Amino acid sequence: MSENEAATSVPLEGELGTAISEDSAKRRMGVEFVDDDFNDTEVCRVCRSEEGALYYPCMCTGSIKYVHQDCLMEWLKHSKKDVCELCHHKYSFQPIYRPDMPKRLPFVEILRGE
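Numbering (full-length UniProt numbering), first residue to last: 1 to 114.
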């Protein structure tokens, strides 16, 4: 067994001298695995929709990172909190760009460097 394998092996109780991989141990303990491709999909953590503009107004990562502004505002109205219950970051919706900014810069602007 290599040095890396030893670091990721988890011995299970009742299995004397036997170590299995961490993934196998999690499967045997009932931990559900999610396909990595699923984690790349941006969905609202409240309504689970992929449609519309999604924001990440706190420090959460992974599948709970994104939320629609309307969904979050509705949630905040009911929860009466202004911080994320998971990461404890204070929510903020501060515009980074003007609302009339183009979605893409014209190629000429990129070449000019303006």
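In this text, a Cβ means the ideal position worked out from N, Cα and C, and glycines have one as well.
Computed from a predicted structure; not experimentally measured.
- Inter-residue distance for Y91 and P57 is about 5 Å (C-alpha atoms, whole angstroms).
- Here E50 has V43 as same chain residues with Cβ atoms under 6 Å from its own Cβ, once five neighbours each way along the sequence are excluded.
- Remark: C-beta atoms of Y66 and L54 approach each other more closely than 7 Å.
- Around the C-beta of C71, 16 or more other C-beta atoms lie within 10 Å, and the residue is accordingly described as buried.
- Cβ-Cβ distances below 8 Å link C87 to C58, M59, C60 in the same chain, with the five nearest sequence neighbours on each side left out; the list follows chain order.
- The continuous alpha helix (DSSP H) containing R112 extends over residues 107 to 112.
- If you draw a straight line from the Cα of R45 to the Cα of G52, it is about 13 Å long.
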